[in-house]
Amino acid sequence: MFKKIPLHTQIIIGLVLGLIFGLVVIKTSIPNSFTLDYIKPFGTIFINALKMIAVPLVLASLIVGVSNLGDVSKLSRIGGKTIGTYLVTTVLAVTIGLVLVNVFQPGKSLPPETRESLMSLYEGDAGSRVGQAAELQKQSPLQPLVDIVPDNVFRATTDNAAMLQVVFFAILIGIALLQVQKSKAAPVIAFFDGLNEVIIQIVNYIMMIAPIGVFALMASLIVEIAGDNPDSAVQLLMALLKYSLVVLGGLFTMILVVYPLILMAFTKVKYKDFFKAIRPAQLLAFSTSSSSATLPVTMKQVEEELGVSEEISSFVLPLGATVNMDGTSLYQGVAAVFIAQALGMELSLTQQLMIVLTATLASIGSAGVPGAGLIMLIIVLESIGVPAAGIALIIAPDRILDMFRTVVNVTGDATVCTIVASTEGELPDGLIRKSNPLTPN
1 MFKKIPLHTQ
11 IIIGLVLGLI
21 FGLVVIKTSI
31 PNSFTLDYIK
41 PFGTIFINAL
51 KMIAVPLVLA
61 SLIVGVSNLG
71 DVSKLSRIGG
81 KTIGTYLVTT
91 VLAVTIGLVL
101 VNVFQPGKSL
111 PPETRESLMS
121 LYEGDAGSRV
131 GQAAELQKQS
141 PLQPLVDIVP
151 DNVFRATTDN
161 AAMLQVVFFA
171 ILIGIALLQV
181 QKSKAAPVIA
191 FFDGLNEVII
201 QIVNYIMMIA
211 PIGVFALMAS
221 LIVEIAGDNP
231 DSAVQLLMAL
241 LKYSLVVLGG
251 LFTMILVVYP
261 LILMAFTKVK
271 YKDFFKAIRP
281 AQLLAFSTSS
291 SSATLPVTMK
301 QVEEELGVSE
311 EISSFVLPLG
321 ATVNMDGTSL
331 YQGVAAVFIA
341 QALGMELSLT
351 QQLMIVLTAT
361 LASIGSAGVP
371 GAGLIMLIIV
381 LESIGVPAAG
391 IALIIAPDRI
401 LDMFRTVVNV
411 TGDATVCTIV
421 ASTEGELPDG
431 LIRKSNPLTP
441 N
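Read left to right, the sequence shown gives residues 1 to 441 (our numbering).
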C-alpha cells in the first residue's frame, strides 16, 4: 500500500512526521540522545548518498549533453546561440535570487540563541574556515581562474569542493568527442550515455529512502536546535516560511517578468498565448518535478501550439533539459545564502559571485530528475565553504519548492526554444520579430 503513494507525498509525510516527532521529543521526557544516536544517522546516510553521486552525475550528464550537439559547426551557430541564451537566463535567475535573499534576509530572522545553537552544530567546520579565509586573502585575484583547471583530474573527482574542475574537464571531453572521428567517439559517448542512465537510476534508488532521510533530518534538526528552548523550533519554522516565500518570489519573477520581457524583445509571440500553449507542460512539470519526464510534452506543445520547427525543438529542448535549470539555480542561490545567514556566516561579494558561477555551471550538469537540485546545492555550498550538512535546514520545504522550480525550468526551456526558432526564421512569419539583430539575413 505504501508503495502506491507517490514519492513526493511520501517525502511530505516524512517531513511532517519528523517535525511532529521532534516536537514530541522536546515536549516530553524522551531523551534527546535517542534521536541523535538512533534517528539522525539515517539522515546522515541520506546526505552522504547524495554527495556520493554528485561527481559522477555531473561528469556523465555533462559529457553526454555537450557531445549531443552533433558537430562543431552546429555548436558554433545554433548550439552557441542556445547555450549562450541558457547561460544568460541562468545568471539572471541566480542574480535575482541573491538580490532577494540579501534584501529580505530570511536567515537573519532567527534569534541569536537559535543561531548560536546552529553554529555549535558546525563549530568544527567553522574553525577550519577561519584558517581557509586567511589563506584566501593572500592569494592572487586570478586564483579562482587557476583553480578551475585541475592538476590531477582523478583527485578532483574525489572532492566535491573541486566540482568546477570536474565541469571543466567534462566540457573538454565533450568538445573533443565532437572533433574526433565518429567511429572513435561513438563507443565513448555510448559509455557515458549508459553511465548517465545508471547514475540516474541510482539517484532514483537514493530518492526511495528520501522519506526516511527527511524524517531523520527533520526530527534530529528540531531536537538539536531546540535543546532546552522549544521555542527555537517554532522560530526556525517561521524563518523557513520566510525563506520559502523569498524563493517563490524569485521564481514568479522569472515567469511573470523576465521571460515575458525576453520573448517581447526577440519574438512577436504574446506571453498570454505562450503561457496557454505550454500550460500542459507546466502542469506536468509541477506534478513530476522532472524536466526530463516533461520533455516529450514540452516538445509537442511548442511544435503544435507555437509553430516551432521540429529541427529546432528536437535540438534546443533536450539540451535545455540538461543545461538549463533557471529555477533550480535561483533556489540554490537563495538557499546557500539563507543557510549561511542561519549559521551566522557573512558571505563576501567574492563568495556570492562564486555562487553565481558555481550555480550556473552546476546547472549544466544537473540531471532533470527529482532530487538533482539538492545534489547541486551541496556543490554550491562546498564551493563557498558553507557546511553541506546545512541542507538539513532547508530540506523540509524542498519538495514543494522543487515542484515550482521545475515549472520555471520547463518554462525557461520553452522560452529559449521559441527565441532560437525566431532568430533562425523557424517560427510562423507573423511571430518573427524582423528587427531582431540576431535573425539571420
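Backbone N, C-alpha and C define an ideal beta-carbon position, used for all residues, glycine too.
Predicted, not measured: the structure shown is a model, and the values here were computed from it.
Whose C-beta lies closer than 7 Å to the C-beta of residue i among residues of the same chain, with five residues either side of it excluded?
i, result
"residue 105", "341"
"residue 360", "87, 90, 91, 94 and 329"
"residue 397", "240 and 244"
"residue 17", "215"
"residue 297", "280, 281 and 284"
"residue 83", "323"
"residue 196", "60, 61 and 64"
"residue 260", "271"
"residue 125", "In this prediction, residue 125 scores a pLDDT of 46, lower than 50, which makes its location untrustworthy; the coordinate-derived value is nonetheless stated afterwards. So the qualifying residues of the chain are 387."
"residue 374", "50, 391 and 398"
"residue 152", "none"
In the DSSP assignment, find the alpha helix (DSSP H) that holds residue i and state where it starts and stops.
i, result
"residue 339", "326–342"
"residue 267", "Element bounds for residue 267: n/a, residue is neither H nor E."
"residue 79", "Looking at the DSSP string, residue 79 is not in any alpha helix (DSSP H), and its letter there is neither H nor E."
"residue 194", "182–208"
"residue 409", "398–423"
"residue 156", "153–156"
Taking all protein chains shown into account, do 16 or more other C-beta atoms lie within 10 angstroms of the C-beta of residue i, making it buried, or fewer, making it exposed?
i, result
"residue 383", "buried"
"residue 6", "exposed"
"residue 302", "buried"
"residue 337", "buried"
"residue 132", "Bear in mind that a pLDDT of 48 at residue 132, under 50, signals an unreliable position, so the model cannot answer this."
"residue 127", "Its pLDDT being 44, under 50, residue 127 is placed unreliably by the model, and the measurement read from it follows with that caveat. By the 10 Å Cβ count, residue 127 comes out exposed."
"residue 257", "exposed"
"residue 395", "buried"
"residue 350", "exposed"
"residue 190", "exposed"
"residue 291", "buried"
"residue 194", "exposed"
"residue 181", "exposed"
"residue 53", "buried"
"residue 205", "exposed"
"residue 30", "exposed"
"residue 315", "buried"
"residue 158", "exposed"
"residue 247", "buried"
"residue 331", "buried"
Nearest CA to the CA of residue i: which residue from the options?
i, options, result
"residue 146", "158, 247, 154 and 168", "168"
"residue 238", "375, 63 and 111", "111"
"residue 48", "20, 207 and 267", "207"
"residue 419", "187, 151, 313 and 153", "313"
"residue 425", "268, 33 and 336", "268"
"residue 57", "387, 176 and 166", "166"
"residue 392", "189, 196, 50 and 171", "50"
"residue 174", "42, 63, 411 and 399", "63"
"residue 379", "149, 261, 358 and 395", "358"
"residue 41", "213, 109, 321 and 412", "213"
"residue 300", "400, 348 and 410", "410"
"residue 155", "254, 376, 55 and 389", "55"
"residue 345", "319, 320 and 387", "387"
"residue 101", "66, 339 and 199", "339"
"residue 414", "381, 334, 318 and 375", "318"
"residue 321", "201, 295, 202 and 334", "295"
"residue 187", "67, 309 and 333", "67"
"residue 305", "76, 427 and 234", "427"
"residue 263", "23, 150, 20 and 421", "421"
"residue 309", "356, 417 and 343", "417"
In its own chain, which residues sit with a C-beta less than 6 Å from the C-beta of residue i, not counting the 5 before and 5 after it?
i, result
"residue 35", "25, 219, 220 and 223"
"residue 170", "59, 62 and 63"
"residue 21", "219"
"residue 136", "With a pLDDT of only 47 at residue 136, under the threshold of 50, the placement of this residue in the model should not be trusted; the figure read from the coordinates follows. Taken in chain order, the list of residues that qualify is empty."
"residue 412", "89, 324 and 326"
Keeping to the same chain, check which residues put their C-beta closer than 8 Å to that of residue i; ignore five residues upstream and five downstream.
i, result
"residue 130", "Legend: pLDDT at residue 130 = 41, less than 50; position of this residue unreliable, value from coordinates given subsequently. Counting only Cβ-Cβ distances below 8 Å, and skipping sequence neighbours, we find nothing."
"residue 242", "104, 106 and 109"
"residue 202", "53"
"residue 1", "Here residue 1 scores only 47 on pLDDT, less than 50, and its place in the model is too uncertain to base an answer on."
Verify the contact flag: residue i, CB atom, against every heavy atom of the ligand SAH, threshold strictly below 8 Å.
i, result
"residue 213", "Judged by which ligands are present, the structure shown has none, so any question about the ligand SAH falls away."
Threshold first: 3 residues or longer. Then list the beta strand (DSSP E) segments lying entirely within the stretch 240–266, N to C. none
Identify every run of the alpha helix (DSSP H) within the stretch 276–304, keeping only runs that are complete inside it and at least 4 residues long; order them along the chain. 291–304
Write down every uninterrupted run of the alpha helix (DSSP H) in the stretch 16–73 whose length is 4 residues or greater and which is fully enclosed by it, in chain order. 40–67
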